[in-house]
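Asks: Going by the working numbering, the sequence shown opens with residue 11, and the numbers climb by one from there.
Idealized CB from N, CA, C, for every residue including glycine.
Note that the structure is predicted; figures quoted are calculated from it, not measured.
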Amino acid sequence: MVKAKPRRLREHWGSRFGFILAATGSAIGLGNIWKFPYITGEHGGAAFVVVYLICIIIIGLPVMMAELAVGRTAQRNPVGAYKVIRPGTGWFLVGGLGVLAGFVILSYYSVVAGWVMAYVFKAITGAVTRFTADAGGAAAAKGHFESFAARPGLSVLWHFVFMAICTFIIFRGVRSGIEAASKILMPVLIAILLVLVVWSLALPGSAAGVRFYLVPKITTVDVGPLSIPFFQGLTWSAVLIALGHAFFSLSLGMGAMLTYGSYLERNADLSFSTATIAVADTVIALLAGLALLPAVFAMGLAPDGGPGLLFHTLPAVFASMPGGFVFAILFFVLVALAAITSGISVLEVVTAFTIGEMGWRRRVAAPVIGAIIFVIGIPSALSFGAMDKFRLFGLNFFDVMDYLSANFFLPLGGLLIALFVGWGWGPKAIKAAAEGSYHGFPTGRIWLWMCRTITPLAVAAIIVAKVAGVG
Ligand code: TRP
11 MVKAKPRRLR
21 EHWGSRFGFI
31 LAATGSAIGL
41 GNIWKFPYIT
51 GEHGGAAFVV
61 VYLICIIIIG
71 LPVMMAELAV
81 GRTAQRNPVG
91 AYKVIRPGTG
101 WFLVGGLGVL
111 AGFVILSYYS
121 VVAGWVMAYV
131 FKAITGAVTR
141 FTADAGGAAA
151 AKGHFESFAA
161 RPGLSVLWHF
171 VFMAICTFII
181 FRGVRSGIEA
191 ASKILMPVLI
201 AILLVLVVWS
211 LALPGSAAGV
221 RFYLVPKITT
231 VDVGPLSIPF
241 FQGLTWSAVL
251 IALGHAFFSL
261 SLGMGAMLTY
271 GSYLERNADL
281 SFSTATIAVA
291 DTVIALLAGL
301 ALLPAVFAMG
311 LAPDGGPGLL
321 FHTLPAVFAS
331 MPGGFVFAIL
341 FFVLVALAAI
351 TSGISVLEVV
361 TAFTIGEMGW
371 RRRVAAPVIG
381 AIIFVIGIPS
391 ALSFGAMDKF
401 RLFGLNFFDV
411 MDYLSANFFL
421 PLGGLLIALF
431 VGWGWGPKAI
441 KAAAEGSYHG
451 FPTGRIWLWM
461 CRTITPLAVA
471 AIIVAKVAGV
481 G
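Written out as structure tokens, the structure is:
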């Protein structure tokens, strides 16, 4: 058994509900509202959504529970946690990989969050709702976004503002602020999304978008004498991106959930928390897709508009809505807040690492790390303007950061933590995780079995298939 006692001074969540809110706040963010709709648009729509949901169930849920269980048991940061549970082994390197991924992820996440904050001000000045709700208006909104994102001073400034806010919150400590803010935030965000969904579905021409988003196109593939129905046009690249996004959206694979789990009391429930976080996160993503993609089609935009899709589409939607001016402000404020509750969870991983393993004080760690991440993010902030010509594999710097971290770092981190639970920690994991959990259902055994078999195998198979270039 694990010997280390939770250190006296370790801060814990104010309540269990507070933990669920903070963890849900980490999961729900730009991944749901900005990224999910645009990658779904780029990778074929409904089939991509189906693959994404499968990844959430067979990979996301077990990995989420694994991170929470390791964090709760060890009461340590991602590197220290493995040292406590399996001293003298190399497992702590898994935590180190996560800490590195944290720098990369937050560096470009902050750039998008900066765009959202800039749009709060644009909404207040009416600049967002000036467009007409038709193809011409949407094209103008797209042009407006592109020239905004290309301005080096503005992108870097807003990136700085977002990093400063996250740094300040983490400087003050996990509990103060995070829990309280999330309580009001989520319900209002869901309400606004629902209004947007209804409005978007009512736009003439939206039906094509609904079909694209929800009805997979099926074709048959001949395997020897058999004709097997399969998704038309689904590629391994798309599957890898769906997998990567399941990790990204649930905040998995780099120790964020592990770190939040480490602030849980030892007897706090895990299985119910896992399910709640995953369901809330998935519902918000699905709603965001349903708010955006039908509107994209109704406005005559292309679904593969890339990282700017949200900013191309919604201004014209708001412009056409009664009360759109107010909704636009509210929407961008809420998305900015959702980005903050996610951004801080990434920053907290790196901060907890320097505090726990390097003996830094929180008040030193937060500003130093915040500053480093700000600097790493500058090329991403310049990627849509000054540094547009810089390309690797045809992608700009921002896209490279996003592609590598979401689709390789996180799945690899998740694969390793599943292997750790399944094989490194083994049956003791069930006992450790069972405390306060399960509600009479054999969750523990199913979970351990998944961590041993299909979860790591599925992740490995997808990465290998993509790297080997099978379709
Ligand atoms: N899940 C968040 C979102 O969807 C982003 C995020 C927060 C994240 N913490 C993370 C992604 C840790 C990966 C790992 O916007």
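#1: Thinking just about the alpha-carbon of each residue, which of Trp125, Thr364, Phe46, Gly124 is nearest to the one in leucine 303?
#2: Can a CB atom of chain D be found closer than 9 Å to the CB of isoleucine 43?
#3: Is glycine 112 near ligand 1 - that is, is its Cβ less than 8 Å away from at least one heavy atom of it?
#4: Given leucine 63, which residues of its chain have a CB within under 8 Å of its CB, disregarding the five upstream and five downstream residues?
#5: Over what stretch of residues does the alpha helix (DSSP H) that includes aspartate 412 continue unbroken?
#6: Whole angstroms are fine: how far does the CA of serine 117 sit from the CA of isoleucine 388?
#7: Only counting the same chain, and skipping five residues up and downstream in sequence, which positions put a Cβ closer than 7 Å to that of threonine 361?
#8: Along the chain, where does the beta strand (DSSP E) that runs through proline 239 open and close?
#9: What did DSSP end up calling cysteine 461 once you bin it into helix, strand or coil?
#10: When DSSP builds the beta bridges, which residues end up paired with aspartate 279?
#11: Sort Ser415, Leu274, Ser247 by Cα distance to isoleucine 30 and report the nearest one.
#12: In chain order, which continuous runs of the alpha helix (DSSP H) of length 4 or greater are located wholly inside the stretch 292-367?
#13: Threonine 135 by DSSP, collapsed to three states: which one?
#14: For alanine 266, verify whether its CB is less than 8 Å away from any heavy atom of ligand 1.
#15: Looking only at its chain, what residues have a beta carbon closer than 6 Å to the beta carbon of alanine 133, apart from the 5 residues adjacent to it on each side?
#16: Based on DSSP bridge pairs, tell me the residues matched to isoleucine 228.
#17: Would you please state the rounded distance, in angstroms, between the beta carbons of tyrosine 270 and glycine 81? I believe it to be under 8 Å.
#18: I want to check one thing, is the minimum distance from the CB of leucine 260 to the heavy atoms of ligand 1 below 8 Å?
#19: Can you give the Cα-Cα distance for methionine 210 and alanine 56, rounded to whole angstroms?
#20: Within the present structure, is the beta-carbon of isoleucine 38 separated from the nearest heavy atom of ligand 1 by less than 8 Å?
#21: Would you say the beta carbon of isoleucine 180 comes nearer than 8 Å to a heavy atom of ligand 1?
#22: Please say whether glycine 316 and glutamate 52 have beta carbons closer to each other than 9 Å?
#23: Take valine 166 and list the residues in its own chain whose beta-carbon comes closer than 8 Å to its own, dropping the five residues that flank it on each side.
#24: Would DSSP call valine 233 helix, strand or coil?
#25: Mind checking lysine 93: buried by the 16 CB within 10 Å criterion, or exposed?
#26: Please indicate yes or no: does the CB of lysine 93 lie closer than 8 Å to some heavy atom of ligand 1?
#27: Leucine 402 bridges to which residues according to DSSP?
#28: Ordered along the chain, which non-local residues of its own chain (more than five positions away) have a Cβ less than 8 Å from that of alanine 285?
#29: Compute the beta-carbon to beta-carbon distance between tryptophan 125 and alanine 151, rounded to the nearest angstrom, for a pair I have assumed lies under 8 Å.
#30: Taking 9 Å as the cut-off, decide whether the C-beta atoms of valine 344 and leucine 107 are in contact.
#31: Mapping the DSSP letters down to three states, classify tryptophan 101 as helix, strand or coil.
#32: Just to check my reading of the structure: glutamate 367 and valine 184 have Cβ atoms closer than 8 Å, yes? What is that Cβ distance to the nearest angstrom?
#33: Helix, strand or coil for valine 61, going by three-state DSSP, please let me know.
#34: Of the residues Ser120, Phe113, Gly24, which one's Cα is nearest the Cα of glycine 39?
#35: Is arginine 96 helix, strand or coil by DSSP?
#36: Taking contact to mean at least 3 C-beta pairs separated by less than 8 Å, is the stretch 458-474 in contact with the stretch 228-238?
Replies: In this structure, then:
#1: With distances taken between Cα atoms, leucine 303 lies closest to Phe46.
#2: Going by chain labels, chain D is absent from the structure shown, which holds only one protein chain.
#3: Yes, Cβ of glycine 112 sits closer than 8 Å to a heavy atom of ligand 1.
#4: These residues qualify, in order along the chain: Thr292.
#5: Following the DSSP letters along the chain, one finds aspartate 412 inside the alpha helix (DSSP H) bounded by residues 407-414.
#6: Isoleucine 388 and serine 117: Cα-Cα distance of roughly 8 Å.
#7: Spatial neighbours of threonine 361 in its own chain (CB-CB distance under 7 Å, excluding positions within 5 residues in sequence) are listed in chain order as Ile180, Arg372, Ala375, Ala376, Ile379.
#8: For proline 239, the uninterrupted beta strand (DSSP E) segment begins and ends at 236-241.
#9: In this structure, cysteine 461 counts as helix in the three-state DSSP scheme.
#10: Among the bridge pairs identified by DSSP, aspartate 279 is matched with none.
#11: The option with the nearest alpha carbon to isoleucine 30 is Leu274.
#12: Here the runs fully enclosed are 319-330.
#13: Threonine 135 falls in the coil class under three-state DSSP.
#14: At least one heavy atom of ligand 1 is nearer than 8 Å to the Cβ of alanine 266, so yes.
#15: Cβ neighbours of alanine 133 beyond the five flanking positions: Ala338, Ile339, Phe342.
#16: As computed with DSSP, isoleucine 228 is found in a beta bridge with Phe241.
#17: Sure, about 7 Å apart at Cβ, within 8 Å.
#18: In this structure, the C-beta of leucine 260 approaches ligand 1 to less than 8 Å from one of its heavy atoms.
#19: Methionine is not the amino acid found at residue 210; the sequence shown has serine there. In this model, serine 210 and alanine 56 are separated by some 18 Å (Cα to Cα).
#20: Yes - ligand 1 has a heavy atom lying nearer than 8 Å to the Cβ of isoleucine 38.
#21: Outside the cutoff, so no.
#22: At a Cβ-Cβ threshold of 9 Å, glutamate 52 and glycine 316 count as neighbours.
#23: The beta carbon of valine 166 lies closer than 8 Å to those of Ile388, Ala391, Leu392 in the same chain, with the five residues before and after it left out.
#24: It is a strand residue.
#25: It is buried - the Cβ of lysine 93 has at least 16 other Cβ atoms within 10 Å.
#26: Outside the cutoff, so no.
#27: DSSP lists Leu405 as the beta-bridge partner residues of leucine 402.
#28: Non-local C-beta neighbours of alanine 285 in its own chain, meaning closer than 8 Å and more than five positions away in sequence, comprise Leu71, ordered along the chain.
#29: Under the criterion of beta carbons closer than 8 Å, tryptophan 125 and alanine 151 do not qualify as touching, at roughly 13 Å.
#30: Checking the sequence shown, residue 344 turns out to be leucine, not valine. Against a cut-off of 9 Å, the Cβ pair of leucine 107 and leucine 344 comes out as no contact.
#31: Residue state for tryptophan 101 is assigned as coil, using DSSP reduced to three classes.
#32: Not a contact, Cβ separation roughly 17 Å.
#33: Valine 61 sits in a helix when the DSSP states are folded into three classes.
#34: Scanning Ser120, Phe113, Gly24 for the CA closest to the CA of glycine 39 turns up Ser120.
#35: Secondary structure at arginine 96: coil, using DSSP grouped into helix, strand and coil.
#36: With the cut-off at 8 Å, the stretch 458-474 and the stretch 228-238 do not touch.
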